[in-house]
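Here's the structure, in structure tokens; my notes come after.
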Amino acid sequence: MKIIFAGTPDFAARALEALLAAGHRVVLVLTQPDRPAGRGMTLQASAVKQVALAHGIPLYQPERLKDPATHEPIRAACAEYGAELMVVAAYGLILPQAVLDLPRRGCVNIHASLLPRWRGAAPIHRAIEAGDAQTGITIMKMEAGLDTGPMLLAEAVAIDGQDTTGSLHDRLAGLGGRLVVDALTRFDQLVPVAQPASGVTYANKIDKAEARLDWNQPAAILARKVRAFNPFPGAVLTLAGEPVKAWRGDVVAASGRPGQVLAADAAGIVVACGEAALRLTELQKPGGRRVTSADFLNGSSLRPD
8 MKIIFAGTPD FAARALEALL AAGHRVVLVL TQPDRPAGRG MTLQASAVKQ
58 VALAHGIPLY QPERLKDPAT HEPIRAACAE YGAELMVVAA YGLILPQAVL
108 DLPRRGCVNI HASLLPRWRG AAPIHRAIEA GDAQTGITIM KMEAGLDTGP
158 MLLAEAVAID GQDTTGSLHD RLAGLGGRLV VDALTRFDQL VPVAQPASGV
208 TYANKIDKAE ARLDWNQPAA ILARKVRAFN PFPGAVLTLA GEPVKAWRGD
258 VVAASGRPGQ VLAADAAGIV VACGEAALRL TELQKPGGRR VTSADFLNGS
308 SLRPD
């Protein structure tokens with residue numbers, strides 16, 4: 008099938024690679040403009056752009072798609088190069104109805120949840136944060152609403168008690184690539200199914216302000232936040248008077264004043280919460296690297312309260 012692909016991060020790049028490996032001809036790739044990143048804040052190409060460049064695929068990087076004039080490269084890809092379908096995965100720009108109507112077979116989206124649960128921008132983070140037992144991939148036909156379109160395929164994935172957003176992302180990215188290839192292979196046989204009216208939840212974009220741990224909350228909730236915010240933006244707390252990021256933690260049966268350091272040794276730094284306690288086992292000081300609690304405590308003045 009001749010297709011247009013729209014996506015930006017690694018999750019989308021994995022799907023693009025799967026489509027190319029399956030023999031589909033991608034005539035145009037849409038991705039976000041290069042953004043400054045890293046300590047030097049130099050412009051960096053998206054993961055999808057890097058795949059497109061490696062395969063010599065024409066690129067289009069609009070800032071937005073509100074102006075009808077910005078639709079011309081997409082229109083040309085359909086009219087002149089025969090693109091019949093657009094595949095979208097974590098693109099980051101809203102596609103107006105006029106764009107959705109351009110490919111004659113429409114547009115399909117690879118969404119990292121079991122719709123209608125976790126529509127929106129951060130479904131992987133929110134599934135872990137909420138303590139969901141499973142999530143998955145849904146391939147759906149796109150319409151103007153936010154992830155409201157009818158579903159073509161879906162497959163569930165169990166969320167392990169140690170999963171982080173990073174580890175779950177990698178499993179879902181691989182599944183997304185496999186499932187979209189399957190959907191395109193059987194496209195004419197698949198019957199779109201409307202999403203249920205019940206069970207709708209929204210995965211709002213992650214705000215860095217959410218990353219600060221509130222010790223008045225139960226340790227089980229904070230442990231999920233630590234996993235949900237790994238690798239971005241990282242759960243934040245204060246130890247020995249300085250901000251620290253927590254990357255690994257688990258619940259222990261201990262009690263004390265919320266925020267009280269109950270233990271600090273090679274096994275972990277145990278902090279009392281509103282219910283039970285959180286044992287932190289991997290941390291990072293500002294400007295430093297991720298280290299175990301034992302390495303973190305070397306040269307640290309941190310002691311149990």
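All residue numbers for the sequence shown refer to this note's numbering, where the first residue is 8 and numbers rise by one. Note that CB positions come from ideal geometry on N, CA and C, so glycine has one too. Quick caveat, the model's predicted, so the values are computed rather than measured.
Return the bridge partner residues of residue i from the DSSP annotation.
| i | result |
| --- | --- |
| THR142 | VAL164 |
| VAL207 | Paired residues: none, contrary to the question. |
| ARG32 | LYS9 |
| GLN291 | LYS252 |
| TYR98 | In the DSSP output, where bridge partners are listed per residue, TYR98 has none listed. |
| PRO238 | Note: PRO238 sits in no beta bridge, so no partner. |
| LEU244 | VAL251 |
What is the C-beta distance between residue i and residue j, in whole angstroms, given that I count them as a contact (C-beta under 8 Å)?
| i | j | result |
| --- | --- | --- |
| GLU162 | LEU186 | 6 Å |
| LYS56 | LEU66 | 6 Å |
| GLN224 | LYS252 | Incorrect: roughly 18 Å between the Cβ atoms, too far for contact. |
| ARG21 | GLY183 | 7 Å |
| SER120 | ALA137 | Not confirmed; about 11 Å, so no contact. |
| ARG234 | THR171 | 5 Å |
| PHE194 | ALA96 | The Cβ separation is near 16 Å, so there is no contact. |
| SER307 | ALA273 | With 8 Å as the limit, SER307 and ALA273 do not qualify as a contact, their Cβ atoms being about 12 Å apart. |
In terms of alpha-carbon separation, which member of the options lies closest to residue i?
| i | options | result |
| --- | --- | --- |
| ALA28 | ASP74, ALA129, ASP189, ALA247 | ASP189 |
| LYS215 | GLY30, PRO130, VAL243 | VAL243 |
| GLU362 | GLY256, LEU50, LEU60 | Because the chain is modelled from 8 through 312, residue 362 falls outside the range shown and cannot be assessed. |
| ASP108 | ARG178, LYS148, VAL200, ASP312 | LYS148 |
| VAL278 | GLY241, LEU220, ARG297, PHE303 | LEU220 |
| PRO265 | ALA180, CYS280, ARG296 | CYS280 |
| TYR209 | VAL164, ILE228, LEU153, VAL258 | LEU153 |
| LEU159 | TYR88, ILE10, GLY113 | GLY113 |
| GLN267 | ILE64, GLY127, LEU246 | LEU246 |
| PRO16 | THR38, GLY30, LEU26, LYS9 | THR38 |
| LEU229 | ARG255, LYS212, GLU249, ILE213 | ARG255 |
Specify, as a first and last residue, the run of the beta strand (DSSP E) that residue i falls within.
| i | result |
| --- | --- |
| PRO75 | Neither: PRO75 is in no beta strand (DSSP E) and is coded neither H nor E. |
| GLU150 | Per DSSP, GLU150 belongs to no beta strand (DSSP E) and is neither H nor E. |
| VAL251 | 249-259 |
| PRO130 | Not the beta strand (DSSP E): PRO130 falls in the alpha helix (DSSP H), residues 130-137. |
| LEU50 | 49-51 |
| ALA283 | Unbroken run through ALA283: none, as it is neither H nor E. |
Quick check on the burial criterion: 16 or more other C-beta atoms within 10 angstroms. Buried or exposed for residue i?
| i | result |
| --- | --- |
| TYR98 | buried |
| HIS132 | buried |
| SER205 | exposed |
| ARG111 | exposed |
| MET93 | buried |
Just curious, the alpha helix (DSSP H) that residue i is in, first and last residue?
| i | result |
| --- | --- |
| PHE18 | 17-28 |
| LYS56 | 54-61 |
| ARG234 | 226-235 |
| LEU121 | Looking at the DSSP string, LEU121 is not in any alpha helix (DSSP H), and its letter there is neither H nor E. |
| GLY181 | 172-192 |
| ASP302 | 300-304 |
| ALA273 | Unbroken run through ALA273: none, as it is neither H nor E. |
| ALA105 | 104-107 |
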